Each structure stands twice: as C-alpha cells, then as structure tokens.
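Residue numbers (our numbering): 3 to 325.
Pasting the structure below:
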C-alpha cells in the first residue's frame with residue numbers, strides 16, 4: 003500500500019509538472035504571437051484579394067484549402083527548418099529571410115508597375131482566362147499559399163526569436179501553438195470578411211425590421227469598396243514587410259547605413275508632432291520609408307525575375323515563363 007501511495011504521489015507530481023509546462027507553453031505562445039502582430043495583419047490583408055472573381059459558393063472551400071496549405075507551410079516545412087537553423091546554423095536565417103523579403107518586394111512592385119504602366123500580356127491573359135475557372139482557382143490558391151509561405155516564414159522567425167524556452171521541446175511546442183493559433187486567426191478573419199456580403203444580402207432580404215434591412219443593403223454596397231481597400235492594403239503590406247526585412251537583414255550583415263538613417267528620419271518626424279502622436283508618427287514614417295525602399299528594390303528585381311530567373315526556371319520545369 004505504501005508503494006502504491008508513493009506511485010500515486012509521483013504521478014500527481016508528474017501531472018503538476020505537465021500542467022505547469024502547458025501553462026508555460028500557452029504563456030510563451032501568447033507572448034511570441036503578440037510579437038508577430040504586424041505580419042499577421044499583413045497576411046490577413048493580402049489573402050482576400052485571391053478570392054476576387056469567384057462565386058460565393060467557392061469562397062469558403064478556397065479559404066479552407068489555403069488554410070490547409072498555410073498549416074502545412076508552418077508545421078511541416080517551416081517549423082523543422084526553423085528549429086534546425088536556430089540550433090545548428092543561425093547565420094543562415096538572415097539571408098533566407100532577405101530572399102523571402104525580396105520576393106515580397108518583387109510581387110508588390112510588379113502590381114504597382116502594372117497600375118502605373120498598364121499593358122496586356124497575351125500569355126498571362128490566356129493563362130488566367132475565366133474560360134477555365136478550375137484552372138484559375140488552382141492558380142489563385144497556389145499564389146496565395148506561395149505568398150503565405152513567405153509571410154509564415156517571417157512569423158515563425160519572429161516568434162522563434164521571442165520564445166524563451168528552457169529546452170528544444172518546449173520551444174517546438176510553443177512554436178507549434180503559435181503556428182496553429184496565427185493560422186486560425188488569420189483565415190478565420192478572412193472568412194468573415196469575404197462572407198460579409200452574403201450576410202448583408204440575407205439581412206436585406208430577411209431582416210424583420212427596416213433598420214436591419216437597411217444595414218444589410220449597406221453591407222452589400224460597402225463590401226466591394228472594402229475588398230478594393232484590402233487589395234491596396236495587401237500590396238502596401240507586402241512592400242512594407244519586404245522592405246523592412248531587407249533593411250533589417252542588411253543591418254544584421256553589417257550594412258546598417260540605410261537602417262540607421264531611416265531610424266533617425268523617423269525619430270525626427272516623431273519629434274515634429276505632439277507627444278501624444280509621437281509613437282504613431284515614428285511608426286508611420288518608418289513603415290512608409292520601408293515601403294518606398296520595397297518598391298525601389300522590387301522594381302530593380304522585375305527585369306531580373308522576368309528576363310533571367312523566370313526563363314531559367316521555365317527551361318528547367320518545361321513551363322511557360324509567365325507561370
């Protein structure tokens with residue numbers, strides 16, 4: 003009996019340690035998740051643009067497929083690589099992040115370029131023709147998951163840097179919780195955004211009061227405007243995040259001239275406004291300068307990507323360069 007009681011006491015002690023570990027993981031995940039808030043907002047702003055032009059019945063299935071791709075990106079591809087790099091080759095993290103940031107700058111700058119200098123591409127028009135909606139959906143999903151991969155890499159890296167765990171297992175568990183929580187938060191928000199017009203239509207047709215029906219009509223009219231705003235915000239977010247990744251990476255590699263000047267200029271802007279607005283003014287100024295740099299760097303990359311990298315990949319993969 004004394005041996006059984008001792009065993010039960012040991013089990014109770016192990017349970018207490020396990021419970022404390024769960025609490026530690028939750029607390030660390032909350033702290034690390036908060037550090038990634040800026041990129042999370044960017045991710046939520048970027049994704050809705052991939053759903054434009056599809057029938058309402060296809061919106062939630064597309065979001066679910068993108069969500070699964072995002073979880074695969076974070077848990078299967080990025081988390082093991084992040085753990086290995088953090089513990090065995092931390093010097094590789096910065097160059098890889100800069101490569102991802104360059105992709106974001108390229109994609110954002112390409113959209114800006116097409117707005118400023120609109121031109122048709124027969125290959126792209128044929129490839130993305132709505133005559134083949136199934137192919138268009140596949141291409142949109144692949145594009146969303148590809149962009150998610152870059153933003154997820156940034157999220158996971160920021161979270162990993164913020165985690166203070168006593169061992170690698172606690173670090174991995176916390177990172178997994180952050181990955182799942184962030185993904186559900188982002189794509190849950192996206193689902194609410196893209197289905198809001200359907201909610202408005204339902205209220206406009208079925209609400210029992212005039213106020214409810216008016217609210218529904220207002221939602222239906224406002225949602226196209228919101229989607230356009232989100233499209234602009236998403237492009238700006240890609241340029242801001244991409245530019246800030248490159249600038250920070252240059253600082254880490256010992257080329258801090260640009261980053262230091264941006265910091266000083268943003269600080270000067272902050273001191274030029276009332277104290278209550280100082281923090282917001284500094285952040286806005288820095289984000290704007292990071293975004294301007296992102297546009298400039300992306301414009302430099304456009305001919306490199308379209309004339310060199312694209313044809314090289316096409317020659318290896320056997321696909322058209324436009325793909």
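The beta-carbon is built from N, C-alpha and C at its ideal position, and this holds for glycine as well.
From a predicted model like this one, the values you see are computed outputs, not experimental measurements.
query	result
So the alpha helix (DSSP H) residue 64 belongs to, where does it begin and stop?	58-73
Can you tell me the Cα-Cα spacing of residue 171 and residue 225, whole angstroms?	44 Å
On the three-state DSSP scale, how would you describe residue 98?	helix
Quick one, which of 312, 267, 306 has its alpha-carbon nearest residue 292's?	267
Comparing C-alpha positions only, which one of 116, 70, 144 sits nearest to residue 188?	70
Look at the alpha carbon of residue 314 and the alpha carbon of residue 305, and state the distance between them as a whole number of angstroms.	13 Å
Less than 6 Å between C-beta atoms, sequence neighbours within five positions excluded: which residues of the same chain meet that for residue 102?	152, 155
Residue 254 and residue 96: beta carbons closer than 8 Å?	yes
For residue 194, which of 173, 145, 229 has the nearest alpha-carbon?	229
Taking the alpha helix (DSSP H) that residue 259 falls in, what are its first and last residues?	259-273
Residue 295 to residue 89, Cα distance in whole Å?	32 Å
At the level of alpha carbons, what is the spacing between residue 169 and residue 184?	23 Å
With burial defined as no fewer than 16 other Cβ atoms inside 10 Å of the residue's Cβ, what is the status of residue 108: buried or exposed?	buried
Which residue marks the beginning of the alpha helix (DSSP H) containing residue 242, and which one marks its end?	212-254
Assuming residue 99 and residue 247 form a contact by the criterion Cβ under 8 Å, report the distance between their Cβ atoms to the nearest whole angstrom.	5 Å
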